[in-house]
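Student: Structure in structure tokens, see below.
There are 2 protein chains.
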Amino acid sequence: MATPRKRRLPRGTLDRDTIVAASLRLLDEKGMRGFSMPALGRELGADPSAVYRHFASKDELVLAITDALIAEQDVPSLRGSCWIESLILIARHTWELGGRRPGAMALTASRTAAMPGTFAAADHIIGVFREGGFDADDAGRMYRSFVDFMLATAQQRAALLDLDPEALELDLSNEAAFRSADPRRYPNLGAAAETVATRTWTESFELGLAMLITGIEAMAPKPCRGHTHSVRPLA
Amino acid sequence: MATPRKRRLPRGTLDRDTIVAASLRLLDEKGMRGFSMPALGRELGADPSAVYRHFASKDELVLAITDALIAEQDVPSLRGSCWIESLILIARHTWELGGRRPGAMALTASRTAAMPGTFAAADHIIGVFREGGFDADDAGRMYRSFVDFMLATAQQRAALLDLDPEALELDLSNEAAFRSADPRRYPNLGAAAETVATRTWTESFELGLAMLITGIEAMAPKPCRGHTHSVRPLA
DNA sequence: AAACCGTTGTCAATGCCTTGGACTAAGGTG
DNA sequence: CACCTTAGTCCAAGGCATTGACAACGGTTT
């Protein structure tokens, strides 16, 4: 190609935002394994070490990516016909994000970022619980448990999807291998083998969500009015 | 000091079991970050590359560690006074494992291993759900969702605990920083700030578990007889 | 306009890491 | 006792994050 190889970048080209954006692009394309400083440098058309002029460490960059990703989701816009529906929407949205962008999800989901995007999302979710009649403290408690559940499950799948194809293959065949467990030694597993081996992650998530929502409703001071309640406990 | 530096190991010293055991020791001592082939070699008193005579890759070793860790937990021995209590016991045991041995948990929790230890644990848990009156298929479904929840939440905390002290510090101070969010812009967060910033992981886990258990009970064909039911929904 | 200077991009080096290939000693088999 | 497979060892290749020295850029001062 015509690139003269080594032109120095003009001064203001790099800043925290462009670097974070490039990181997200890179994570979407190459996954977490492909997210290295050399690769990021290539994505930016800059020297890898240039990033260190804007972030003290890779870890600090990860925290910034975390907040950007949360902000991008625009959680406050997710509102259902009642508060329970809102929770379901938020949970499904998060889950789906992990399926669509496993690299970004796997990298960020276990980090907390005390930044605007995170605050806005937290505020909204706490507000949703307050709609259910929880007082502020209880809403805060519910928020943390609910978010932990969402992020943890979504991240777990994301981490799996982010594995290199070879390891992923191995993991999937492992799951299928549940079918081959000796039904004499493992009678319960034997009886359920087909179901366990066949079920998709999303079915499993939906059931978990259904349990959780049922639990939340049972604890809620106010019921959810006019809910359509799209969770189906068991298939 | 007195080690003559380069004595070659006798022939049968290394095998899959000793390597897995050394790996677990290493993970407990140094965490996931300290779990490298050179370190494993040192732990074994062998050359790092010797491991490759017994495992095709580091990833294959990780899967073997996964199963060993599961087997070590002896899940089938966890039985409460009724099936719901058994579930609570299993969940708490898993959670506690992630707190005690974060390195091992963080490394393994998102991998499936089609091996004996895993089969035995799966069989037991499916059996517990059948005690609740679920048919084999539904028990299989519940099993997957329940296990996903447990492992995901336990692993998430483990991953955090496994961070290097510096990054962990940053994350914790970030959590505390929720207190400093502008209550004008984030009213709900402001009202619950103290609770959100103060709550411990375990309190959050317990509440999540309470929701889940409530949901499970609501779906169960048979109630739990004589349960003491140690989950407390809200503090 | 020339000299100055802090900022930001580049380069090279360090010290980790996984993995694979060539080498070699050990111990069982004929 | 010679032989040969196996299992440990050594070393090199290529990747990674991070850092310190250097250099160009652009704004400021005189």
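Residue numbers (our numbering), protein chains in the order written: chain G, 3 to 237; chain H, 3 to 237. Built from N, CA and C at the ideal position, the CB exists for glycine as well. Please read all numbers here as calculations on a predicted model, not as lab measurements.
(1) Distance, Cα to Cα, R27(H) vs M152(G)?
(2) Mind listing the chain G neighbours of Q157(H)? Cutoff is C-beta to C-beta under 8 Å, in chain order.
(3) Could you check how far apart the C-beta atoms of M144(G) and G217(H) are, in whole angstroms? I think they sit under 8 Å.
(4) Hey, G105(H) and T155(H): beta-carbon distance below 8 Å or not?
(5) Counting contacts by CB-CB distance shorter than 8 Å, is L214(H) in contact with chain G?
(6) Going along the stretch 7–37 of chain G in order, which residues come within less than 9 Å of chain H, judged by CB to CB distance?
(7) Exposed or buried, which one is A124(H) when buried takes at least 16 other CB atoms within 10 Å?
(8) So, using beta-carbon positions, are V53(H) and L63(H) closer together than 8 Å?
(9) Roughly how many angstroms separate the alpha carbons of D205(G) and R13(H), rounded to a whole number?
(10) Just verifying my parser: in three-state terms, what is the DSSP assignment at G135(G)?
(11) Mind checking A108(G): buried by the 16 CB within 10 Å criterion, or exposed?
(12) To be precise: take each residue of the stretch 165–191 of chain H, compare its Cβ to all Cβ atoms of chain G, and keep it if any distance is under 9 Å. Which residues remain?
(13) Just checking: is the beta-carbon of V77(H) within a distance shorter than 8 Å of some beta-carbon in chain G?
(14) When you compare only the Cα positions, how much space is there between I127(H) and P167(H)?
(15) For A183(H) versus A194(G), is the C-beta spacing smaller than 8 Å?
(16) Which residues in chain G sit within 8 Å of Y145(H), going by Cβ to Cβ distance?
(17) Could you name the residues of chain H that A138(G) contacts, counting a contact when the two beta carbons are closer than 8 Å?
(18) Counting contacts by CB-CB distance shorter than 8 Å, is D49(H) in contact with chain G?
(19) Does S88(H) come within less than 8 Å of chain G when only Cβ atoms are used?
(20) Just how far apart, CA to CA, sit D61(H) and C226(G)?
(21) In the DSSP assignment, the alpha helix (DSSP H) including T200(G) goes from what residue to what residue?
(22) Quick check on A222(H) - is its C-beta less than 8 Å from some C-beta in chain G?
(23) Using a Cβ-Cβ cut-off of 8 Å, state whether F57(G) counts as contacting chain H.
Tutor: On the basis of the coordinates in this document:
(1) Counted from its first residue, the second sequence places residue 27(H) at position 25. Counted from its first residue, the first sequence places residue 152(G) at position 150. The alpha-carbon atoms of R27(H) and M152(G) are separated by roughly 32 Å.
(2) On the second sequence, residue 157(H) is found 155 positions in, with the first residue counted as 1. What Q157(H) touches in chain G: A154, Q158.
(3) Walking along the first sequence from the start, residue 144(G) turns up at place 142. Walking along the second sequence from the start, residue 217(H) turns up at place 215. The Cβ separation is near 14 Å, so there is no contact.
(4) Counting from 1 along the second sequence, the entry for residue 105(H) is found at position 103. Counting from 1 along the second sequence, the entry for residue 155(H) is found at position 153. No, the pair does not count as a contact, with Cβ atoms beyond the cut-off.
(5) One-based indexing of the second sequence puts residue 214(H) at position 212. Cβ-Cβ to chain G under 8 Å: yes for L214(H).
(6) Answer in chain order: no residues at all.
(7) Taking the first residue of the second sequence as 1, we reach residue 124(H) at position 122. Label assigned to A124(H): buried.
(8) As a working note, residue 53(H) is residue 51 in the second sequence. As a working note, residue 63(H) is residue 61 in the second sequence. Against a cut-off of 8 Å, the Cβ pair of L63(H) and V53(H) comes out as a contact.
(9) What you label residue 205(G) is simply residue 203 of the first sequence in a count that begins at 1. What you label residue 13(H) is simply residue 11 of the second sequence in a count that begins at 1. According to the sequence as given, residue 205(G) is Glu; it is not Asp. Using only the alpha carbons, I get a separation of about 49 Å.
(10) Along the first sequence, read from residue 1 onward, the residue named residue 135(G) stands at position 133. For G135(G), the secondary structure class from DSSP, reduced to helix, strand or coil, is coil.
(11) Start at 1 with the first residue of the first sequence, and residue 108(G) comes out as number 106. Classification for A108(G): buried.
(12) L165, D166, E168, A169, L172, D173, L174, S175, N176, E177, A178, A179, F180, S182, A183, D184, R187, Y188, P189, N190, L191
(13) Against the second sequence, residue 77(H) aligns to sequence position 75. Not closer than 8 Å to any Cβ of chain G, the Cβ of V77(H) fails to qualify, so no.
(14) Sequence index remark: in the second sequence, residue 127(H) carries index 125 (1-based). Sequence index remark: in the second sequence, residue 167(H) carries index 165 (1-based). Rounded to whole angstroms, I127(H) to P167(H) spans 36 Å at the Cα level.
(15) Taking the first residue of the second sequence as 1, we reach residue 183(H) at position 181. Taking the first residue of the first sequence as 1, we reach residue 194(G) at position 192. No.
(16) Along the second sequence, read from residue 1 onward, the residue named residue 145(H) stands at position 143. The answer, in chain order, is A194, V198.
(17) The sequence position of residue 138(G) within the first sequence is 136, counting from 1. From the beta-carbon of A138(G), the residues of chain H found nearer than 8 Å are N190, A193, A194, T197.
(18) Along the second sequence, read from residue 1 onward, the residue named residue 49(H) stands at position 47. Not closer than 8 Å to any Cβ of chain G, the Cβ of D49(H) fails to qualify, so no.
(19) Counting from one through the second sequence, the residue named residue 88(H) turns up at place 86. False, the Cβ-Cβ gap to chain G never drops below 8 Å.
(20) For the purposes of this step, residue 61(H) is taken as residue 59 along the second sequence, with counting starting at 1. For the purposes of this step, residue 226(G) is taken as residue 224 along the first sequence, with counting starting at 1. Rounded to whole angstroms, D61(H) to C226(G) spans 47 Å at the Cα level.
(21) One-based indexing of the first sequence puts residue 200(G) at position 198. Unbroken alpha helix (DSSP H) run through T200(G): 189–200.
(22) Indexing the second sequence from 1 puts residue 222(H) at position 220. The C-beta of A222(H) comes no closer than 8 Å to any C-beta of chain G.
(23) The sequence position of residue 57(G) within the first sequence is 55, counting from 1. Chain H contact via Cβ: absent.
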